[in-house]
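Enquirer: For the sequence shown, my numbering assigns the number 2 to the initial residue and increments by one for each residue that follows.
Backbone N, C-alpha and C define an ideal beta-carbon position, used for all residues, glycine too.
Quantities reported herein were computed from a predicted structural model and do not represent experimental measurements.
Handing you a structure now.
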Amino acid sequence: MAKRRCWGIYRERPHSPGRVDDDRAILDAVAVALLDYDLVAELLPAGAADAAFASPGAGIFAMCEQDGIIRRLAEAAQAGVPVVNTPQAVRNTYRRRTAELFAVCGVPSPVSRIVDTRAPAAAPGIPVWVKRPDFHATQTDDVVFAGSDAQWRSALAGFAKRGIEAVVVQAHIPGDLVKFYGVAGGGADPAWFHWFHHKDQRLAGHAFTREALQRAAFAAAGALGAAVFGGDAIVGADGAPQIIDLNAWPSFARCRAEAAAAIGRHLAHAFAAARLDSPFAASEME
Ligand SMILES: Nc1ncnc2c1ncn2[C@@H]1O[C@H](COP(=O)(O)OP(=O)(O)O)[C@@H](O)[C@H]1O
Ligand SMILES: [Mg+2]
2 MAKRRCWGIY
12 RERPHSPGRV
22 DDDRAILDAV
32 AVALLDYDLV
42 AELLPAGAAD
52 AAFASPGAGI
62 FAMCEQDGII
72 RRLAEAAQAG
82 VPVVNTPQAV
92 RNTYRRRTAE
102 LFAVCGVPSP
112 VSRIVDTRAP
122 AAAPGIPVWV
132 KRPDFHATQT
142 DDVVFAGSDA
152 QWRSALAGFA
162 KRGIEAVVVQ
172 AHIPGDLVKF
182 YGVAGGGADP
192 AWFHWFHHKD
202 QRLAGHAFTR
212 EALQRAAFAA
222 AGALGAAVFG
232 GDAIVGADGA
242 PQIIDLNAWP
252 SFARCRAEAA
262 AAIGRHLAHA
272 FAAARLDSPF
282 AASEME
């Protein structure tokens, strides 16, 4: 079978706080996994990705998150290029949209609302978490716990001072924090799922089933349209996981080899759907 070219785009460095190497390593590992499917991936930084758009080949997989490049990826997707995750899914991981979509799709998740930081409403049902409205935390004060009226006011003032006019305010869910990773299946291939307890916590040890967690995680990812994802859930005393955070394409640092194989499988399927009549098919390799 002829080898086909495809492209991977790394995450922007400011979006990988403390994880630049891990974020790079998963993309590198995926490129290796794709060789099994005769897909030859070239990897580019988000700031120098012109070649991927000039001649997308079988498709583009991307960890980037900034608006400019997401817009270019959306144009490519519009033109029929398979893009994983879809630009729409990446935009949907902006917390404000996530909160709306989770509510609409009935994903088990804490009650969330949008609050104007300059004209703050009265304190909601404290304790709450106050979160920046766009992408995942890139600095420590992007996600702030407010357990008292004073903390609530100080959290809002902190965001207002940084020019952030609206925040997502989420009810605090007591329980055990569980982290998860997932990759959607493709064709006859099954989905892949992995979870673990976050270190640095004293576990209450609430019992839950892997099936319940996986169901909640894939419902959350499905609501956003993310095929390659990670996230956080809280399992309370009732054993029912609630999704508090969903991110597109995490670093998969704890299970990189397994994740890369699952992502490779998923991409091979997604890229098989590339329109062969498109002008991009011309970039098939010898
Ligand atoms: N609604 C919530 N209930 C309980 N704990 C929360 C909640 N929201 C956030 N947290 C805690 O704060 C951490 C960071 O929040 P998260 O939304 O995952 O942001 P990020 O991953 O971008 O830093 C979570 O891992 C969890 O420990
Ligand atoms: Mg998180």
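Tell me which residues share the same chain as D278 and place their Cβ nearer than 8 angstroms to its Cβ, disregarding the 5 neighbours each side in the sequence.
Expert: The residue given as residue 278 occupies position 277 in the sequence shown. Confidence is the limiting factor: at D278 the pLDDT is only 44, short of 50, which leaves the residue's position unreliable, though a coordinate-based value still follows. Around D278: no qualifying Cβ.
Enquirer: Going straight from the alpha carbon of F230 to that of N248, what length do you get?
Expert: The residue given as residue 230 occupies position 229 in the sequence shown. The residue given as residue 248 occupies position 247 in the sequence shown. Taking the straight line from one Cα to the other gives about 6 angstroms.
Enquirer: On the criterion of 16 or more Cβ atoms from any shown chain inside 10 Å, does K106 qualify as buried, or is it exposed?
Expert: On the sequence shown, residue 106 is found 105 positions in, with the first residue counted as 1. This sequence places Cys at residue 106; Lys is not what is there. Classification of C106: exposed, given that the 10 Å Cβ count is below 16.
Enquirer: If you measure from each residue's Cβ to the nearest non-hydrogen atom of ligand 2, which ones come out under 5 angstroms, in chain order?
Expert: D233, D246
Enquirer: Please report the straight-line C-alpha distance between D142 and G19, rounded to a whole angstrom.
Expert: Mapped onto the sequence shown, residue 142 falls at position 141. Mapped onto the sequence shown, residue 19 falls at position 18. About 15 angstroms.
Enquirer: I need the straight-line Cα distance from A208 to A238, nearest angstrom please.
Expert: By one-based count along the sequence shown, residue 208 stands at place 207. By one-based count along the sequence shown, residue 238 stands at place 237. Distance between the alpha carbons of A208 and A238: 8 angstroms.
Enquirer: Taking the C-alpha atoms as reference points, what is the distance between T118 and A151?
Expert: By 1-based counting over the sequence shown, the position of residue 118 is 117. By 1-based counting over the sequence shown, the position of residue 151 is 150. Spanning the two alpha carbons is a distance of roughly 14 angstroms.
Enquirer: Is it true that the stretch 119 to 131 meets the stretch 73 to 87, where meeting means three or more beta-carbon pairs spaced less than 8 angstroms apart?
Expert: Taking one beta carbon from each stretch, the stretch 119 to 131 and the stretch 73 to 87 have fewer than 3 pairs nearer than 8 angstroms; the two do not touch.
Enquirer: Expressed to the nearest angstrom, what Euclidean distance is found between the alpha-carbon atoms of A156 and R14?
Expert: Here residue 156 refers to the residue found at position 155 when the sequence shown is read from its first residue. Here residue 14 refers to the residue found at position 13 when the sequence shown is read from its first residue. The straight-line gap from Cα to Cα measures roughly 26 angstroms.
Enquirer: In this structure, does DSSP put S284 in helix, strand or coil?
Expert: To locate residue 284, count along the sequence shown from 1; it is residue 283. With a pLDDT of 48 at S284, under the threshold of 50, the modelled position of this residue cannot be trusted; read the value that follows with caution. Looking at S284 - three-state DSSP - the assignment turns out to be helix.
Enquirer: Looking only at its chain, what residues have a beta carbon closer than 6 angstroms to the beta carbon of E287, apart from the 5 residues adjacent to it on each side?
Expert: In the sequence shown, the residue the question calls residue 287 occupies position 286. Legend: pLDDT at E287 = 41, less than 50; position of this residue unreliable, value from coordinates given subsequently. Annotation for E287: no residue places its beta carbon closer than 6 angstroms to its own, counting only its chain and skipping 5 residues before and after.
Enquirer: Please classify T210: is it buried, with 16 or more other beta-carbons within 10 angstroms of its beta-carbon, or exposed?
Expert: On the sequence shown, position 209 is the one that residue 210 refers to. Exposed, because fewer than 16 other Cβ atoms sit within 10 Å of the Cβ of T210.
Enquirer: With distances taken from CA atoms, which of A192, D201, G9 is nearest D24?
Expert: Along the sequence shown, read from residue 1 onward, the residue named residue 24 stands at position 23. Here the closest residue by C-alpha is G9.
Enquirer: I264 to P134, Cα distance in whole Å?
Expert: To locate residue 264, count along the sequence shown from 1; it is residue 263. To locate residue 134, count along the sequence shown from 1; it is residue 133. Cα-Cα distance, rounded: 28 angstroms.
Enquirer: Under the DSSP definition of a beta bridge, which residues are partnered with P242?
Expert: Working through the sequence shown from its first residue, we reach residue 242 at position 241. Looking at the DSSP assignment, P242 forms a beta bridge with V236.
Enquirer: DSSP three-state call for F230: helix, strand or coil?
Expert: Stepping through the sequence shown from its first residue, residue 230 is reached at position 229. It is a strand residue.
Enquirer: Here's the rule I'm using: 16 or more other beta-carbon atoms within 10 Å means buried, otherwise exposed. How should S56 be labelled?
Expert: Translated into positions along the sequence shown, residue 56 becomes position 55. The residue is exposed, with fewer than 16 neighbouring Cβ atoms inside 10 Å.
Enquirer: Go ahead and pull the three-state DSSP assignment for D278.
Expert: Taking the sequence shown and counting its residues from 1, the one referred to as residue 278 is at position 277. With a pLDDT of only 44 at D278, under 50, the local geometry of the prediction cannot be trusted, and the value read off the model is given with reservation. Reduced to three states, the DSSP call for D278 is coil.
Enquirer: Please list the terminal residues of the continuous alpha helix (DSSP H) segment that includes F160.
Expert: Position 159 of the sequence shown, counted from the start, is the residue given in the question as residue 160. Where F160 is concerned, the enclosing alpha helix (DSSP H) stretches over 150 to 162.
Enquirer: Just grab the DSSP bridge partners of L178 for me.
Expert: Taking the first residue of the sequence shown as position 1, residue 178 is located at position 177. Answer is I235.
Enquirer: Quick one: which unbroken beta strand (DSSP E) runs of 3-plus residues sit fully inside the stretch 16 to 59? Chain order, please.
Expert: 40 to 45
Enquirer: What residue does the alpha helix (DSSP H) around F219 start on, and which one ends it?
Expert: Within the sequence shown, residue 219 is the residue found at index 218, counting from 1. First-last of the alpha helix (DSSP H) with F219: 211 to 225.
Enquirer: Contact between the stretch 211 to 224 and the stretch 167 to 176 is defined here as three or more beta-carbon pairs at a separation below 8 angstroms; is this criterion met?
Expert: no
Enquirer: Got a sec? Which residues, its chain only, sit under 6 angstroms from V266 by beta carbon, not counting five neighbours each side?
Expert: For the purposes of this step, residue 266 is identified with residue 265 of the sequence shown, where counting begins at 1. Contrary to the premise, residue 266 reads as Arg rather than Val in this sequence. The answer, listed in chain order, is D190.
Enquirer: Among the candidates P251, A213, G223, whose CA atom is the shortest distance from the CA of I235?
Expert: Here residue 235 is taken as the residue at index 234 of the sequence shown, counted from 1. That would be A213, whose Cα lies nearest to the Cα of I235.
Enquirer: Measure the beta-carbon distance from G183 to A222 and round it to whole angstroms, keeping in mind my assumption that it falls under 8 angstroms.
Expert: As a working note, residue 183 is residue 182 in the sequence shown. As a working note, residue 222 is residue 221 in the sequence shown. Their Cβ separation, rounded to whole angstroms, is 6 angstroms, which keeps G183 and A222 in contact under 8 angstroms.
Enquirer: Taking only runs that begin and end inside the stretch 68 to 141, name each unbroken beta strand (DSSP E) of 3 or more residues, in chain order.
Expert: 113 to 117, 129 to 132
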